[in-house]
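The structure appears below as structure tokens.
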Amino acid sequence: MSQVIEYSDKVMDHFTNPRNVGEIEGASGVGTVGNAKCGDIMRIYLDIDENETIRDCKFKTFGCGAAVATSSMATEMIKGKSVEDALKLTNKAVQEALGGLPPVKIHCSLLAEEAVHAALWDYAEKKGITIEGLKPPVNDIDETEEFYKTTGE
Ligand code: FES
295 MSQVIEYSDK VMDHFTNPRN VGEIEGASGV GTVGNAKCGD IMRIYLDIDE NETIRDCKFK
355 TFGCGAAVAT SSMATEMIKG KSVEDALKLT NKAVQEALGG LPPVKIHCSL LAEEAVHAAL
415 WDYAEKKGIT IEGLKPPVND IDETEEFYKT TGE
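Right, dumping it as structure tokens:
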């Protein structure tokens, strides 16, 4: 018997009307992450100005509705923010902003957090700088999923 997944109105809104879909040509940083289990892939583009502020942010997600909604919300949450603040964006904050996610969809929000980190990593590499607290990106979030599940961080 298949299980019906219930989404919040906010998730449905960001899924049916996603914000910031697209690419940024010559982006300051691009991050791509996936989940081998479900096969979903998320890519985030950042345009960062000389004051280390995220001037623009776009995404392309090949994935489920929750992955689209979390990418949309994550890009909204980091647009106009500093690199430092973008680094602090957690999958938990994205979930809360979306009014919650069903447990089987928590990993979708992890993709968003990791894609932002991967894009910041790419930006730092291109600029030859170090962003304090930023860890090397994981390409397959399965590697971190168990950790997040048990700690909820
Ligand atoms: Fe894997 Fe949503 S089911 S990202």
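Position in the sequence shown (from 1) plus 294 gives the number in our numbering.
Think of the CB as a built atom: it goes at the ideal place given N, C-alpha and C, for glycine as much as any other residue.
This one's a predicted model, so the numbers in the text were calculated from it and none came from an experiment.
Check                                                                                                                                                            : Outcome
Can you tell me whether Asp341 sits near the ligand FES, meaning its C-beta is under 8 Å from at least one heavy atom of the ligand?                             : no
State the Cα-Cα distance for the pair Ile335 and Asp434, rounded to the nearest angstrom.                                                                        : 9 Å
Using the C-alpha atoms, what's the distance from Val398 back to Gly333?                                                                                         : 15 Å
Using the DSSP secondary-structure output, state which residues sit across from Tyr301 in a beta bridge.                                                         : Paired residues: none, contrary to the question.
For a test of the three-state rule: what should DSSP assign to Leu392, helix, strand or coil?                                                                    : coil
Ignore the nearest five residues each way along the sequence and tell me which others in Lys386's own chain have a CB closer than 7 Å to its CB.                 : none
Quick check: His411 and Leu392, are their CB atoms within less than 9 Å of each other?                                                                           : no
Which residue from Asp436, Glu344, Ala406, Asp379 puts its Cα closest to that of Gly427?                                                                         : Asp379
Distance check for Val388 and Met367, CA to CA, integer angstroms please.                                                                                        : 7 Å
Between the Cα of His401 and the Cα atoms of Asn345, Lys421, Gly357, which residue gives the shortest distance?                                                  : Gly357
Compute the Euclidean distance between the alpha carbons of Met371 and Thr355, then round it to the nearest angstrom.                                            : 17 Å
For the ligand FES, I want to know if Ala360 counts as a neighbour, meaning its beta carbon is within less than 8 Å of at least one of the ligand's heavy atoms. : yes
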